[in-house]
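The structure under discussion appears below in the form of structure tokens.
In this note's numbering, the protein residues as written are 156 to 434.
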């Protein structure tokens, strides 16, 4: 009996070390995430949370635009494509032709917010006025009740999901004027507005802070409540796309469904977006 007790005690002493050794020897899983700069802050925070939970998982997040995310998934250059719009029919067909079956995971709601420099006194615009500004038909703020100041319209580049949303919901797919300046990310658009008194741009809700001012659109202020209810006219879901549905319980599955956890919802809210539970 004494010998058995000694063996049991030794086993208890060695158990933590053996567990650590097994964990250390477990195969390391790497997840490549690529796409939307809007979804980027959510993906970055999910990465940090999951890597803290599981030391055998490493995640890389590249923020290169929704269109690039779709292309990367199609070419098997990423495991998850983050997109601030739904995948186009052509993108889906191109993926299927290469043996990739895109599956959409809606992770949050967002509003495309029209922002001005705080010095600008204009408080709201209609969809039609915004369209006329970006089409070059309205060129001075005095034409919409503002100061006698030339309008400097800033747009996201055409590969951006944010651009796609604005182009469809605001521009009604009309062509933008030649004087429109294109930038490649939400932070760049916001920075131009911060430093240019006549500038107007559009960004995701999570990028609005005290350094810029979000306009009412059609009389509706972009807030979590108006975006969740759909009353704000430039609202949209944010997505992650995978090749097929991930294996249940796998690191890839945990990443794509992290928005359903309490921690994931807290992250989405903290980043300035709207959890699907509010929708």
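By construction, the Cβ of each residue, glycine as well, lies at the ideal position given by its N, Cα and C atoms.
Taking 9 Å as the cut-off, the Cβ atoms of residue 267 and residue 320 count as close.
Under the 10 Å beta carbon count, residue 208 is surrounded by fewer than 16 other beta carbons and is classified as exposed.
Ranked by how close their Cα comes to the Cα of residue 237, the residues 249, 286, 222 have 222 in first place. Between residue 276 and residue 316, the beta carbon gap of about 31 Å keeps them out of contact (Cβ cut-off 8 Å).
Distance from the CA of residue 403 to the CA of residue 343, rounded to the nearest whole angstrom, comes to 38 Å. By the Cβ neighbour-count rule, residue 357 is buried, with 16 or more other Cβ atoms within 10 Å of its own. Under DSSP, residue 358 shares a beta bridge with 268.
Judged by pairs of C-beta atoms under 8 Å, the region 362-374 does not touch the region 227-237, as fewer than three such pairs exist. The count of Cβ pairs closer than 8 Å, one atom from the region 324-331 and one from the region 290-306, reaches three, so the stretches are in contact. Here residue 274 has 352 as same chain residues with Cβ atoms under 7 Å from its own Cβ, once five neighbours each way along the sequence are excluded. The continuous stretches of alpha helix (DSSP H) do not include residue 183, and DSSP gives it neither H nor E. Secondary structure of residue 334 (DSSP, three-state): coil. Taking every protein chain shown into account, the CB of residue 322 has 16 or more other CB atoms within 10 angstroms, so this residue is buried. Judged by pairs of C-beta atoms under 8 Å, the region 403-419 touches the region 192-207, as three or more such pairs exist. Under the 10 Å beta carbon count, residue 218 is surrounded by 16 or more other beta carbons and is classified as buried. Counted as a single uninterrupted DSSP element, the stretch harbouring residue 341 is not any beta strand (DSSP E) but the alpha helix (DSSP H) occupying residues 341-350. For the set 389, 405, 282, the Cα lying nearest the Cα of residue 212 is the one of 405. Checking the DSSP bridge columns, you'll see residue 260 partnered with 395. Of the candidates 418, 359, 399, the residue whose Cα lies closest to the Cα of residue 393 is 359. For residue 310, the beta-bridge partners assigned by DSSP are 337. Straight-line spacing of the CA atoms in residue 423 and residue 228 works out to 23 Å.
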